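J.: Got a structure for you, questions after.
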Amino acid sequence: MRSPRPPFLSLMNLLEQPFQLLHGLPLTAFVTSRKGGVSQRPFDTLNMAYLTADDRGSVRTNRERVAMALGIAHDNLLIGHQVHGAIVNQAEAIELGETPGDAIVLTRAHQTAMVVVADCLPVIFYDPVAHVGAVAHAGWRGLAAGILTATVQSLMASGAIAGRLAVGIGPGIGRCCYEVGPEVIAASKPAPGGVRAGSADRSFLDIKALARRQLETAGLASARIEILDICTRCNSDLYFSARAGEPTGRFAAGLKLLEEPPYNVETWVDSYVSQSSRP
Ligand SMILES: [Zn+2]
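The following block contains the structure:
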């Protein structure tokens, strides 16, 4: 579906902070678009991934721009080596671009991590009491492997409570465009109504609904899962989309933890919970 929202709530025209549920918290949640970088077609322009065939110097410049907008150095914008699995790493363990895994858990102020995507789902987690968060990369393989459940478990090991977590799911392939084969449906086990018939033996899968269901099964509150209704393929002028044509670049979504709030956290959390549970 076409995005009904303005493309930018910008911080130096590079970062969107798109999740209502994560506003007002001691963090910066961000999603980059294709805009504001230096990469040439077909990676134009803010390609955030060295794993593409893009010029490495251009990716470096793009990442430096985003890091600068976040107030950090290039090497502190943490990312692992995404493998479409269920490995979760702590931020301290990340060797930039090397450590295999699809989620990173943040437990200290100023830690910043991202995932890169082009149709897969970027998922951002935060617990306002434990002040811990995570970013995860979830495509159908990662969802089938259990990446979201594994991320929730890692966060709980760091002091989070599942029912307290707020989650933002960023732009990703929509049910309008995600036509898959029977092997994907078999691995994904969508709920009834989570698929509709496509051509021949293929089906359209609602991968965002699948992610929501897995998070709810892991104990998250439905009211604290925010899913952006932005299909990357339908909006491939704004976001990289593998299904809109390869080769292509990757946009990023991530999280920076800020200092813990200076006010009484229990009072503040009460007001946060009552606000976010409003219809
Ligand atoms: Zn679409």
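If you read the sequence shown in the working numbering, its first letter stands for residue 6, the second for the next number, and so on.
Idealized CB from N, CA, C, for every residue including glycine.
Being a predicted model, the structure only gives us computed values, none of them experimental.
Would you kindly report the start and end of the unbroken beta strand (DSSP E) that includes GLY259?
T.: One-based indexing of the sequence shown puts residue 259 at position 254. Counting along the chain, the beta strand (DSSP E) containing GLY259 begins and ends at 256-262.
J.: At the level of alpha carbons, what is the spacing between ALA196 and ARG180?
T.: Residue numbering aside, residue 196 sits at position 191 when the sequence shown is read from its first letter. Residue numbering aside, residue 180 sits at position 175 when the sequence shown is read from its first letter. Take the alpha-carbon of ALA196 and the one of ARG180: they are about 14 Å apart.
J.: Based on Cα-Cα distance, which residue from GLU265, ALA123 and THR66 lies nearest to HIS79?
T.: Translated into positions along the sequence shown, residue 79 becomes position 74. Residue THR66 is the option with its Cα nearest to HIS79.
J.: Straight-line CA distance for ASN52 to PHE256?
T.: For the purposes of this step, residue 52 is identified with residue 47 of the sequence shown, where counting begins at 1. For the purposes of this step, residue 256 is identified with residue 251 of the sequence shown, where counting begins at 1. Roughly 6 Å separates the two Cα atoms.
J.: Which residue comes first and which comes last in the alpha helix (DSSP H) that contains ARG61?
T.: Looking up residue 61 in the sequence shown gives position 56. Looking at the DSSP string, the run of the alpha helix (DSSP H) that includes ARG61 is 61-75.
J.: How many angstroms separate the CA atom of HIS86 from the CA atom of ALA108?
T.: Taking the sequence shown and counting its residues from 1, one reaches residue 86 at position 81. Taking the sequence shown and counting its residues from 1, one reaches residue 108 at position 103. Cα-Cα distance, rounded: 10 Å.
J.: DSSP three-state call for ARG283: helix, strand or coil?
T.: For the purposes of this step, residue 283 is identified with residue 278 of the sequence shown, where counting begins at 1. For ARG283, the predicted structure reports a pLDDT of 43, less than 50, and the residue's modelled location is therefore unreliable. A value from the coordinates is still provided. Coil.
J.: Does the segment 139-153 come into contact with the segment 115-125, if we say contact requires no fewer than three beta-carbon pairs (one atom in each stretch) closer than 8 Å?
T.: yes
J.: Among VAL157, LEU170 and ILE99, which residue has its Cα nearest to the Cα of TYR131?
T.: Position 126 of the sequence shown, counting from 1, holds the residue named residue 131. The shortest C-alpha separation from TYR131 is found at LEU170.
J.: Sorted by chain position, which residues of the same chain lie with C-beta nearer than 7 Å to CYS236's C-beta, five sequence neighbours on each side aside?
T.: Residue numbering aside, residue 236 sits at position 231 when the sequence shown is read from its first letter. Cβ within range, chain order: MET6, ILE178, GLY179, CYS181 and CYS182.
J.: Does DSSP put THR154 in a helix, in a strand, or in coil?
T.: Within the sequence shown, the letter at position 149 stands for residue 154. Three-state DSSP puts THR154 in a helix.
J.: Given this structure, state the Cα-to-Cα distance separating GLY151 from PRO31, to the nearest angstrom.
T.: Numbered from 1 along the sequence shown, position 146 holds the residue referred to as residue 151. Numbered from 1 along the sequence shown, position 26 holds the residue referred to as residue 31. When rounded, the distance between both Cα atoms is 28 Å.
J.: Would you call the CB atoms of LEU287 and HIS115 closer than 8 Å?
T.: One cannot answer for residue 287 here, as it falls past the ends of the chain, which runs 6 to 284.
J.: Count the other CB atoms within 10 Å of the CB of ARG61; is the residue buried (16 or more) or exposed (fewer)?
T.: By one-based count along the sequence shown, residue 61 stands at place 56. ARG61 is exposed by the Cβ-count criterion.
J.: Quick one: does the C-beta of ARG217 sit closer than 7 Å to a heavy atom of ligand 1?
T.: Here residue 217 corresponds to residue number 212 of the sequence shown, with the count starting at 1. ARG217: no, Cβ never under 7 Å from ligand 1.
J.: Excluding sequence positions up to five away, which residues of its chain have a Cβ less than 8 Å from the Cβ of LEU83?
T.: Position 78 of the sequence shown, counted from the first residue, corresponds to residue 83. Same-chain partners within the cutoff: ALA96, ILE99, LEU101, ILE109, GLN116, THR117, ALA118 and MET119.
J.: What does a CB cutoff of less than 8 Å around SER204 pick up in its chain, not counting 5 residues either side in sequence?
T.: Reading the sequence shown from its first residue, position 199 is the one you call residue 204. So the list reads GLU184, once near-sequence residues are dropped.
J.: CB-CB under 8 Å to ARG68, same chain, minus the five flanking residues each way: which ones, in chain order?
T.: One-based indexing of the sequence shown puts residue 68 at position 63. Counting only Cβ-Cβ distances below 8 Å, and skipping sequence neighbours, we find MET53, HIS79 and LEU82.
J.: Is the Cβ-Cβ distance between GLY147 and GLY90 less than 8 Å?
T.: Residue numbering aside, residue 147 sits at position 142 when the sequence shown is read from its first letter. Residue numbering aside, residue 90 sits at position 85 when the sequence shown is read from its first letter. With contacts defined as CB atoms closer than 8 Å, GLY147 and GLY90 qualify as a contacting pair.
J.: With DSSP as the reference, label ARG201 as helix, strand or coil.
T.: As a first step, residue 201 is located in the sequence shown; it is residue number 196 there, counting from the start. Residue state, collapsed to three classes: strand.
J.: Can you give the beta carbon distance from THR37 to VAL71, rounded, assuming they're within the 8 Å contact cut?
T.: On the sequence shown, residue 37 is found 32 positions in, with the first residue counted as 1. On the sequence shown, residue 71 is found 66 positions in, with the first residue counted as 1. Rounded, the Cβ-Cβ distance is 6 Å, consistent with contact.
J.: Going straight from the alpha carbon of ALA135 to that of ASP242, what length do you get?
T.: Numbered from its first residue, the sequence shown carries residue 135 at position 130. Numbered from its first residue, the sequence shown carries residue 242 at position 237. ALA135 and ASP242: Cα-Cα distance of roughly 38 Å.
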